[in-house]
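Enquirer: Take 80 as the starting number for the sequence shown in our numbering and just add one per residue. Every residue gets a Cβ at the ideal spot worked out from N, C-alpha and C, and that includes glycine. I am attaching a structure below and will ask some questions about it afterwards.
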Amino acid sequence: MKKYLSFRLVLLMNIVLAIGCSSKTDAQPQLTFTPYINNISAAVDIKNAGDGSNRLFIVQQSGEIRIFKNGALLSTPFLNMSNLVKYASEQGLLSIAFPPNYKQAGYFFIYYNARNENVTLARYKVSTSNPDVADPSSGVILFSYPKPGGFGNHNGGCLQFGKDGYLYSSIGDGGSGGDPFNNAQNLASPFGKIHRLDVRKLTAPYYKVPADNPFINTANAVKTIWAYGLRNTWRWSFDRQTGDVWLGDVGQDLWEEVDFSTPQQAGGANYGWRCYEGNNTYNTDSCRGKRNYRFPIFSYPHNLDTGGLSVIGGYVYRGNAFPALKGYYVCADYLSSNAWKIISNGSGGWNIYLQKNVPASIVSFGEDEQGELYAASFNGTIYKVGATATAIKANEQAGNTNAIKNNYIFPTVVTNGKINIVMKDNFSRVRILNVSGQQIMQQQLAAQVRTFTLSLPHLTAGMYLLELAGKTTEKFKFFIQ
Numbered sequence: 080m081k082k083y084l085s086f087r088l089v090l091l092m093n094i095v096l097a098i099g100c101s102s103k104t105d106a107q108p109q110l111t112f113t114p115y116i117n118n119i120s121a122a123v124d125i126k127n128a129g130d131g132s133n134r135l136f137i138v139q140q141s142g143e144i145r146i147f148k149n150g151a152l153l154s155t156p157f158l159n160m161s162n163l164v165k166y167a168s169e170q171g172l173l174s175i176a177f178p179p180n181y182k183q184a185g186y187f188f189i190y191y192n193a194r195n196e197n198v199t200l201a202r203y204k205v206s207t208s209n210p211d212v213a214d215p216s217s218g219v220i221l222f223s224y225p226k227p228g229g230f231g232n233h234n235g236g237c238l239q240f241g242k243d244g245y246l247y248s249s250i251g252d253g254g255s256g257g258d259p260f261n262n263a264q265n266l267a268s269p270f271g272k273i274h275r276l277d278v279r280k281l282t283a284p285y286y287k288v289p290a291d292n293p294f295i296n297t298a299n300a301v302k303t304i305w306a307y308g309l310r311n312t313w314r315w316s317f318d319r320q321t322g323d324v325w326l327g328d329v330g331q332d333l334w335e336e337v338d339f340s341t342p343q344q345a346g347g348a349n350y351g352w353r354c355y356e357g358n359n360t361y362n363t364d365s366c367r368g369k370r371n372y373r374f375p376i377f378s379y380p381h382n383l384d385t386g387g388l389s390v391i392g393g394y395v396y397r398g399n400a401f402p403a404l405k406g407y408y409v410c411a412d413y414l415s416s417n418a419w420k421i422i423s424n425g426s427g428g429w430n431i432y433l434q435k436n437v438p439a440s441i442v443s444f445g446e447d448e449q450g451e452l453y454a455a456s457f458n459g460t461i462y463k464v465g466a467t468a469t470a471i472k473a474n475e476q477a478g479n480t481n482a483i484k485n486n487y488i489f490p491t492v493v494t495n496g497k498i499n500i501v502m503k504d505n506f507s508r509v510r511i512l513n514v515s516g517q518q519i520m521q522q523q524l525a526a527q528v529r530t531f532t533l534s535l536p537h538l539t540a541g542m543y544l545l546e547l548a549g550k551t552t553e554k555f556k557f558f559i560q
């Protein structure tokens, strides 16, 4: 998940856009976002338990899981594990998932960054006396992977159960920029992957590797890997009707992407990162021919008009309240307030419809037991997603026809008051600006460098622009303090 930009920051950068897209008048449902739950901070995941209770479970990045039941947000958390979670920037409690037999077994699974920053999958059990409270002493760890290089970003962090009853977990490439250790293409690394586990084992290590996992017989491979070549699949989902896989993979410099696979195509798929960003080459060192990769069905450029900077994967709508929306995949961008509807065109391709001006800072989508959709905004509101009964003119956007020039944009992470900067080009001057363009600090380096650790001055909480200047180039990053 990329962190927060503002339009004023983008104006500072004078991005040159070359946008190619087609439009037509077509009858399409218009998405609606109706406030449903208010005043819930840092909500990053929405799930249902599938137990007939019709409760929504809302994950707060700070370490609590809350329940929305019978029209009210319960005051007592379902689980509070803030004492076990590292909550900073992209780190924290990130996802929850309930197995198909949750009503009988009472076990559920969570994904988080532990205090030592390890990406961690754990199992907990509901209280025997109160179905709205979990037993905090019941936790067991299924895996806990140290972050390579100590980078705080790109944790992935989405859990889903498949129609096969197995648990699937996305893990990001481990962080920094450009996947410096090439984790996503390395089957010996758990990072940059989706993992598949049989979690019906009740004793240590509390899971088994499914016998048909694609790399179970591959030497040195992590046996739980199900798909790879992913940068940071922050949010992804299964189509509850077909089992199709929809991935929102957050991009690096130029492109965000949405990937699709049928159940037959998904196991063993290589989605291309870091060889490719979207449909475009990124770093082809040690890469294979294009036929070895699954390319996105839709990629959009880094701009705040027709694109965005941080894709938020959603769901295929399978509810009944909004018939016009049935079968559409709904996703959004965290930073641009754009959303898209995607549906098969019936001829092996896709119709992709852009909708602007949706609520800001959508960070996650979720489904209830009936297949109705919800969207969490990081500003403290959960929205119910619907569609107008009367279709209106919509913009049909052709993917993969956009380009952005001159500036490369990607956010960076503050760790213990410092920023680790890794660039492709040399730079010798560092400046920090606030959102109004005022200079906060400037540092001239003794030599041209490509890597540098910047110690930050005291900064009030907020959003800042980091400017890196070389002899002939200027590059920009963003960070939140």
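(1) Nearest by alpha-carbon distance to Trp-419: which of Gly-427, Gly-398, Arg-529 and Ile-391 is it?
(2) In chain order, what are the residue ranges of uninterrupted beta strand (DSSP E) at least 3 long that sit wholly in the region 310-364?
(3) May I ask which residues mark the beginning and end of the alpha helix (DSSP H) holding Tyr-181?
(4) For His-537, count neighbouring C-beta atoms within 10 Å of its own C-beta (all shown protein chains included) and say buried if the count is 16 or more, exposed if not.
(5) Quick check: what's the CA-CA separation for Phe-563 versus Gly-445?
(6) Quick check on Arg-529: does DSSP put it in helix, strand or coil?
(7) Report yes or no: do the region 245-262 and the region 223-231 share at least 3 C-beta pairs separated by less than 8 Å?
(8) Starting from the C-beta of Asn-436, find all residues in its chain whose C-beta is less than 7 Å away, skip the five residues before and the five after it, and write them out in chain order.
(9) Mind checking Leu-545: buried by the 16 CB within 10 Å criterion, or exposed?
(10) Just reading off the beta strand (DSSP E) that Val-390 is part of, what are its end residues?
(11) Let me check one thing: in DSSP terms, what residues is Thr-539 bridge-paired to?
(12) Taking Cβ to Cβ, would you say Glu-143 is nearer than 8 Å to Pro-156?
(13) Return the first residue and the last residue of the beta strand (DSSP E) that Cys-24 is part of.
(14) Which residue comes first and which comes last in the beta strand (DSSP E) that contains Gly-218?
(15) Using the C-alpha atoms, what's the distance from Val-219 back to Tyr-166?
(16) What residues are listed by DSSP as bridge partners for His-274?
(17) Below 8 Å on the Cβ atoms is my contact criterion, and I expect Gln-320 with Arg-397 to pass it. Report the Cβ-Cβ distance as a whole number of Å.
(18) Out of Ala-283, Asp-332 and Gly-393, which has the shortest C-alpha to C-alpha gap to Val-324?
(19) Taking only three categories from DSSP, how would you classify Pro-227?
(20) If you count every other CB in all the chains shown that lies within 10 Å of the CB of Pro-375, and 16 or more means buried, which is it?
(21) Just reading off the beta strand (DSSP E) that Asp-412 is part of, what are its end residues?
(22) On the premise that Tyr-462 lies in contact with Phe-112, defined as a C-beta separation below 8 Å, what is that separation, rounded to the nearest angstrom?
(23) Just to confirm before moving on: does the CB-CB distance between Ser-174 and Leu-238 stay below 8 Å?
(24) In the DSSP assignment, the beta strand (DSSP E) including Gly-425 goes from what residue to what residue?
(25) Give me the residue from Gly-387, Asn-292 and Pro-380 with the minimum Cα distance to Gln-343.
(26) What is the C-beta distance between Gly-561 and Arg-353, in whole angstroms, given that I count them as a contact (C-beta under 8 Å)?
(27) Based on the DSSP output, what are the partners of Asn-505 in its beta bridges?
(28) Using the Cα positions of Met-542 and Asn-513, report the straight-line distance between them to the nearest angstrom.
(29) In the DSSP assignment, what are the bridge partners of Asp-124?
(30) Where Ser-507 and Ser-389 are concerned, what is the direct C-alpha to C-alpha distance, given to the nearest angstrom?
(31) Along the chain, where does the beta strand (DSSP E) that runs through Arg-176 open and close?
(32) Since Gly-445 is in the beta strand (DSSP E), which residue starts that stretch and which ends it?
(33) Does Ala-400 come out as helix, strand or coil in the three-state DSSP assignment?
(34) Measuring CB to CB, does Pro-178 end up less than 8 Å from Tyr-186?
(35) Measuring only the C-alpha atoms, how far is Ser-268 from Ala-400?
Expert: On the basis of the data shown:
(1) Reading the sequence shown from its first residue, position 340 is the one you call residue 419. The shortest Cα separation from Trp-419 among Gly-427, Gly-398, Arg-529 and Ile-391 belongs to Ile-391.
(2) Runs found: 314-317, 324-328 and 334-340.
(3) Within the sequence shown, residue 181 is the residue found at index 102, counting from 1. Here the alpha helix (DSSP H) through Tyr-181 covers 181-184.
(4) Position 458 of the sequence shown, counting from 1, holds the residue named residue 537. Classification of His-537: exposed, given that the 10 Å Cβ count is below 16.
(5) Past the edges of the chain, shown from 80 to 560, lies residue 563, and the structure says nothing about it.
(6) In the sequence shown, the residue the question calls residue 529 occupies position 450. Strand.
(7) Segments in contact, yes.
(8) Stepping through the sequence shown from its first residue, residue 436 is reached at position 357. Answer for Asn-436: Ser-416, listed in chain order.
(9) To locate residue 545, count along the sequence shown from 1; it is residue 466. Burial is judged here by how many other beta carbons sit within 10 angstroms of a residue's own beta carbon; Leu-545 has at least 16 and is buried.
(10) Locating residue 390 in the sequence shown gives position 311, counting from the first residue. Looking at the DSSP string, the run of the beta strand (DSSP E) that includes Val-390 is 390-395.
(11) Sequence index remark: in the sequence shown, residue 539 carries index 460 (1-based). Beta-bridge pairing links Thr-539 to no other residue.
(12) As a working note, residue 143 is residue 64 in the sequence shown. As a working note, residue 156 is residue 77 in the sequence shown. Their beta carbons are under 8 Å apart, which means Glu-143 touches Pro-156 by this criterion.
(13) With the chain running from 80 to 560 in the structure shown, residue 24 is simply not present.
(14) As a first step, residue 218 is located in the sequence shown; it is residue number 139 there, counting from the start. Per DSSP, Gly-218 belongs to the beta strand (DSSP E) from 213-224.
(15) Within the sequence shown, numbered from 1, the residue matching residue 166 stands at position 87. Within the sequence shown, numbered from 1, the residue matching residue 219 stands at position 140. Their backbone Cα atoms lie some 20 Å apart in a straight line.
(16) What you label residue 274 is simply residue 195 of the sequence shown in a count that begins at 1. In the DSSP assignment, His-274 forms a beta bridge with Ser-248 and Ile-304.
(17) The count along the sequence shown starts at 1 and reaches residue 320 at position 241. The count along the sequence shown starts at 1 and reaches residue 397 at position 318. About 5 Å separates the two Cβ atoms, so the contact holds.
(18) Position 245 of the sequence shown, counting from 1, holds the residue named residue 324. Residue Gly-393 is the option with its Cα nearest to Val-324.
(19) Locating residue 227 in the sequence shown gives position 148, where the first residue counts as 1. If DSSP states are grouped into helix, strand and coil, Pro-227 belongs with the helices.
(20) As a first step, residue 375 is located in the sequence shown; it is residue number 296 there, counting from the start. Burial call: buried.
(21) To locate residue 412, count along the sequence shown from 1; it is residue 333. Per DSSP, the continuous beta strand (DSSP E) segment holding Asp-412 begins and ends at 408-412.
(22) For this step, residue 112 is matched to residue 33 along the sequence shown. For this step, residue 462 is matched to residue 383 along the sequence shown. Contact between Phe-112 and Tyr-462 holds, since their C-beta atoms are separated by about 4 Å, short of 8 Å.
(23) Here residue 174 refers to the residue found at position 95 of the sequence shown. Here residue 238 refers to the residue found at position 159 of the sequence shown. For the pair Ser-174 and Leu-238, the CB atoms are nearer than the 8 Å cut-off.
(24) Taking the first residue of the sequence shown as 1, we reach residue 425 at position 346. Counting along the chain, Gly-425 sits inside no beta strand (DSSP E), nor does DSSP assign it H or E at all.
(25) Here residue 343 is taken as the residue at index 264 of the sequence shown, counted from 1. The shortest Cα separation from Gln-343 among Gly-387, Asn-292 and Pro-380 belongs to Asn-292.
(26) There is simply no residue 561 to check, as the chain begins at 80 and stops at 560 in what is shown.
(27) As a first step, residue 505 must be located in the sequence shown, where it is residue number 426. Beta-bridge pairing links Asn-505 to no other residue.
(28) To locate residue 542, count along the sequence shown from 1; it is residue 463. To locate residue 513, count along the sequence shown from 1; it is residue 434. Going by the C-alpha atoms only, they are around 7 Å apart.
(29) Mapped onto the sequence shown, residue 124 falls at position 45. DSSP, once it has assigned bridges, lists Val-138 as partnering Asp-124.
(30) Reading the sequence shown from its first residue, position 428 is the one you call residue 507. Reading the sequence shown from its first residue, position 310 is the one you call residue 389. Inter-residue distance for Ser-507 and Ser-389 is about 29 Å (C-alpha atoms, whole angstroms).
(31) Translated into positions along the sequence shown, residue 176 becomes position 97. A quick correction: the sequence has Ala, not Arg, at residue 176. Taken as a continuous stretch (DSSP letters only), the beta strand (DSSP E) holding Ala-176 covers 172-176.
(32) On the sequence shown, residue 445 is found 366 positions in, with the first residue counted as 1. The continuous beta strand (DSSP E) containing Gly-445 extends over residues 441-446.
(33) Counted from its first residue, the sequence shown places residue 400 at position 321. Note: Ala-400 maps to coil in three-state DSSP.
(34) On the sequence shown, residue 178 is found 99 positions in, with the first residue counted as 1. On the sequence shown, residue 186 is found 107 positions in, with the first residue counted as 1. With respect to Tyr-186, Pro-178 sits close: the two C-beta atoms are nearer than 8 Å.
(35) Translated into the one-based positions of the sequence shown, residue 268 becomes position 189. Translated into the one-based positions of the sequence shown, residue 400 becomes position 321. Whole-angstrom Cα-Cα distance: 43 Å.
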